[in-house]
Amino acid sequence: MTEHPLQQDEADPVKPPVQSSPNETTASGRNDPAPYALERPFAATTIYLDGPPAGLRRIESWGSRLSLFAGPYADAGRLRAFLDSAAYVVYAIADRAPGSDQPPYFGHSDKERRWGDRLPPEIKDTTQIYILTADGGTLDKVMASYIEARFIQICTDLNIKLLNSARPYGGGLRVRAEAEQLVGHAEMLLHAAGFTLIDDARRTPATVRRRLSVTADLDEMVVMTETEAIAVPREGERFRLSHRDLKADACRWNGSFYVLPGADYVRRTRTSLSDDHRRRRELMETEKWVAAVPGAKDKMTLQLGFRCRSGAFAAKLLSGEKLDEDAWLAARAPANDSGPSPSCEDQA
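All the letters of the sequence shown, read from the start, carry residue numbers 2 to 349 under the numbering used here.
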């Protein structure tokens with residue numbers, strides 16, 4: 002093994018990612034999802050274990066209990082030799098090629114489990130794996146799962162699409178002040194190793210969160226993409242809401258239910274609605290998915306289209322009441338819509 006340490010000390014510190022206090026409010030009006038505000042420069046050393054800069058390498062900092070191993074995902078098995086057999090790790094898998102459209106993936110495991118075992122088979126050759134580890138008992142199963150969950154939360158809040166379909170702790174994750182320094186150091190080590198997606202997203206923050214969820218399911222409520230905004234009204238099975246005087250249009254397409262922009266949204270939430278749906282409605286208002294209607298005290302308007310799991314799910318969100326699928330009636334496409342309107346399979 003050859004070592005080529007690239008030491009950067011306080012005279013030449015690693016430039017930290019954009020971070021702030023967890024309670025600082027950004028221009029978007031939301032709390033910044035940055036986990037930890039560094040109080041001093043972060044010095045890191047990179048040790049190249051077998052050659053090229055993108056090959057196997059170790060990144061460590063004298064000021065942190067964490068260290069990181071990185072290398073091509075195809076060589077992940079070789080990195081096991083550097084790890085404690087009883088250790089838990091947190092890992093990220095991402096394509097470092099410029100402009101890549103492959104979303105990253107976060108996980109945690111012990112040494113024996115195959116990293117990225119839930120990933121699709123078509124992973125690009127330029128994909129890297131970043132493995133966070135620690136000496137002693139710093140990373141047990143609880144702490145490892147917490148750090149994984151925080152990264153998933155941070156990426157979701159920053160509109161970074163992930164290959165993860167769920168998150169540890171579901172909607173019950175609570176920020177632990179005593180663990181946030183580790184989360185911050187983990188992010189710094191990832192950044193030093195070349196994983197810069199989080200920092201890039203913070204430098205160009207979005208004004209609207211594209212995913213809202215209160216459970217483990219990251220796809221509970223997702224803003225329509227530009228492609229969906231064109232295809233869904235043309236190809237989906239159309240519906241209109243039939244409840245009180247509410248006006249809302251929706252489509253069922255490819256197994257999901259889509260609510261179109263401009264739908265009415267009732268301000269009042271009925272007592273019969275579940276706690277989870279109450280929290281979802283609170284998120285819709287907090288994240289400005291809905292906006293006030295001039296002169297209307299009891300209604301708001303949906304500002305953007307989104308997909309969810311069913312018509313009943315959508316009806317509850319818009320009305321604030323415990324409605325079911327029957328609240329939606331089949332509707333014809335407007336006269337200016339063109340193309341076929343095939344019926345899509347209903348989702349149970």
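Beta carbons: idealized from backbone N, C-alpha and C, even for Gly.
Across which residues does DSSP place residue i in a beta bridge pair?
i, result
"Y106", "I94"
"L191", "Answer is none; L191 lacks a bridge partner."
"P73", "Q129"
"I161", "Looking at the DSSP assignment, I161 forms no beta bridge with any residue, so it has no partner."
"R253", "E238 and F258"
"E61", "T46 and S68"
"D111", "Y89"
"G308", "A quick correction: the sequence has Arg, not Gly, at residue 308. DSSP lists V223 and Y259 as partners of R308."
"D218", "A167"
Between which two residues does the alpha helix (DSSP H) carrying residue i extend?
i, result
"F152", "K142 to D158"
"S350", "Beyond the ends of the chain as shown, which are 2 and 349, falls residue 350; an answer cannot be given."
"T302", "Not the alpha helix (DSSP H): T302 falls in the beta strand (DSSP E), residues A297 to L303."
"R211", "Looking at the DSSP string, R211 is not in any alpha helix (DSSP H), and its letter there is neither H nor E."
"I199", "L198 to R204"
"R280", "D276 to T287"
Go ahead and label residue i buried or exposed: buried means 16 or more other beta carbons lie within 10 angstroms of its beta carbon, across all protein chains shown.
i, result
"G413", "Since the first residue shown for the chain is 2 and the last is 349, residue 413 is missing from the structure and cannot be characterised."
"T226", "exposed"
"W116", "buried"
"D158", "buried"
"A331", "exposed"
"P105", "buried"
"E149", "buried"
"R282", "buried"
"G30", "In this predicted model, G30 has a pLDDT of only 38, less than 50, meaning its place in the structure is not dependable; the value taken from the coordinates is given anyway. Exposed, because fewer than 16 other Cβ atoms sit within 10 Å of the Cβ of G30."
"K317", "buried"
"W329", "buried"
"R229", "The sequence shown places Glu at residue 229, not Arg. It counts as buried."
"A264", "buried"
"R97", "buried"
"R376", "For residue 376 there is no data in the structure shown, the boundaries of the chain being 2 and 349."
"A202", "buried"
"E221", "buried"
Within the same chain, show all residues whose beta-carbon is closer than 8 Å to that of residue i, passing over the 5 residues directly before and after it, in chain order.
i, result
"G340", "Legend: pLDDT at G340 = 43, less than 50; position of this residue unreliable, value from coordinates given subsequently. Counting only Cβ-Cβ distances below 8 Å, and skipping sequence neighbours, we find R235 and E236."
"K298", "R268"
"L219", "I153, T157, L163, N165, S166, A167, R168 and R212"
"P295", "none"
"L120", "I94, Y106 and L164"
First and last residue of the beta strand (DSSP E) that includes residue i?
i, result
"I130", "T128 to A135"
"A293", "V291 to V294"
"T270", "Premise fails: T270 is in no beta strand (DSSP E) and is neither H nor E."
"R177", "Element bounds for R177: n/a, residue is neither H nor E."
"L330", "W329 to A331"
"M1", "Here the chain covers residues 2 to 349 and nothing more, so residue 1 does not appear."
Could you work out which residue in the options is closest to residue i when comparing CA atoms only?
i, options, result
"P54", "A167, G72, F196 and T216", "G72"
"A145", "Y170, W63, I161 and S101", "Y170"
"K162", "H278, F107, R177 and L242", "F107"
"V215", "C309, D136 and T272", "C309"
"L305", "A315, W290, D96 and G296", "W290"
"T128", "R119, Q103, V143 and R151", "Q103"
"P99", "L198, A232, P206 and G138", "L198"
"D246", "L319, R271 and V90", "L319"
"A207", "N160, L84 and V143", "N160"
"A87", "T46, K142, F43 and M189", "K142"
"R279", "A315, K248 and T302", "A315"
"Y74", "R58, S243, K248 and D85", "R58"
"H244", "Y266, I231, V233 and A232", "Y266"
"F83", "L133, S101 and I231", "L133"
"A77", "K248, W63, D118 and E188", "D118"
"D51", "E179, R79, W63 and A45", "R79"
So, at 6 Å on beta carbons, what are the nonlocal neighbours of residue i in its own chain, with the 5 sequence-adjacent residues on each side left out?
i, result
"A28", "Confidence at A28 is low in this model, with a pLDDT of 35, below 50, so the placement of that residue should be treated as unreliable; the coordinate-derived value is given next. Excluding sequence neighbours, A28 sits near nothing in its chain."
"R177", "none"
"V224", "R211, L305 and F307"
"H186", "S65 and L67"
"G312", "F258, E326 and W329"
"D250", "R241 and L261"
"H109", "V91, A145, S146 and E149"
"M285", "V291"
Within a Cβ cutoff of 7 Å, which residues of the same chain sit near residue i, ignoring the five residues on either side of it in sequence?
i, result
"L174", "A150 and Q154"
"A1", "For the chain, the structure presents residues 2 to 349; residue 1 sits outside this window and is missing."
"L274", "K317, G321, E322 and K323"
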